[in-house]
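Residue numbers (this note's numbering): 83 to 280.
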C-alpha cells in the first residue's frame, strides 16, 4: 500500500467489483484504452479475478483510492514484460485534479526500490492529455509509431515515453523495430494531435 496526501494506492479486493465497473463501463474513460467498455457486474467480476486477484506476475496493479473512503476511482499499473509498460485510468469526474500525477509520482518512487530498471508508456496522439501526465512525472518522449490496435481493430499512432531509473540513455526499441515510426519535434507543439506516421 502507498499513501499520498489525498490517495491510497493498494491492490484490488474482491469487494471492489462495483467500483471497478464504474471505471471500466465509461465510454469516454475507455476511448483510448485497448478494450471496450464493460457492460455488467458479471463481466467485471471475471476481469477482477483474472487480471487482479489471481495475478502472480512481477509487475504491480494497484487501485487508486481517495483516502476518504478507500474506494477505487482509478487504477495504476506497471507490467512485467520487457517493456515494463506503465498505465493508468481515472473516472472522468476526477479528471483535471492532479490525481493521476499524484498517484504516479508516488508509484514511481516505490518502483525505484524494486528491480524494475525502467518504465515505458504510450498514448494515442489524439489523447495529448495523457502525454502531459507522462511529461509532468518526468518521462521522456522517445518516438512515435503506428500500430493496428486489437481488439478495437483500428489504426493508432502512439507516442512512446520512457523513464530509466539508472540514469542511462537506454531506449526501448521493440515498437520501433516492429512498426512504422518517426521522431516528432514536440518542443514547440506539445498539444499536437497530428503526429501521423506515413
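C-beta atoms are modelled at their ideal positions from N, C-alpha and C, and glycine is treated no differently.
If you draw a straight line from the C-alpha of residue i to the C-alpha of residue j, how long is it?
| i | j | result |
| --- | --- | --- |
| residue 182 | residue 135 | 23 Å |
| residue 201 | residue 250 | 13 Å |
| residue 154 | residue 99 | 10 Å |
| residue 192 | residue 157 | 15 Å |
| residue 268 | residue 96 | 42 Å |
| residue 261 | residue 144 | 30 Å |
| residue 224 | residue 205 | 12 Å |
| residue 227 | residue 253 | 14 Å |
| residue 263 | residue 213 | 17 Å |
| residue 150 | residue 197 | 32 Å |
| residue 195 | residue 142 | 13 Å |
| residue 211 | residue 265 | 19 Å |
| residue 180 | residue 170 | 13 Å |
| residue 178 | residue 209 | 14 Å |
| residue 140 | residue 166 | 10 Å |
| residue 187 | residue 122 | 32 Å |
Would the beta-carbon of residue i fall within 8 Å of that of residue j?
| i | j | result |
| --- | --- | --- |
| residue 185 | residue 91 | yes |
| residue 126 | residue 148 | no |
| residue 189 | residue 84 | yes |
| residue 110 | residue 174 | yes |
| residue 119 | residue 128 | no |
| residue 146 | residue 172 | yes |
| residue 199 | residue 235 | no |
Which residues does DSSP list as the beta-bridge partners of residue i?
| i | result |
| --- | --- |
| residue 197 | DSSP lists no partner for residue 197. |
| residue 142 | 160 |
| residue 226 | 241 and 264 |
| residue 246 | 200 |
| residue 167 | 202 |
| residue 231 | 236 |
| residue 85 | 90 |
| residue 154 | 147 |
Original post:
Is there contact here, the segment 158-166 with the segment 217-227, by at least three beta-carbon pairs under 8 Å?
Top reply: no
Original post:
Is the segment 253-265 touching the segment 221-241 in the sense that three or more CB pairs, one from each, lie closer than 8 Å?
Top reply: yes
Subject >> Continuous alpha helix (DSSP H) assignments of at least 4 residues falling wholly in the segment 97-121 >> reply: 99-106
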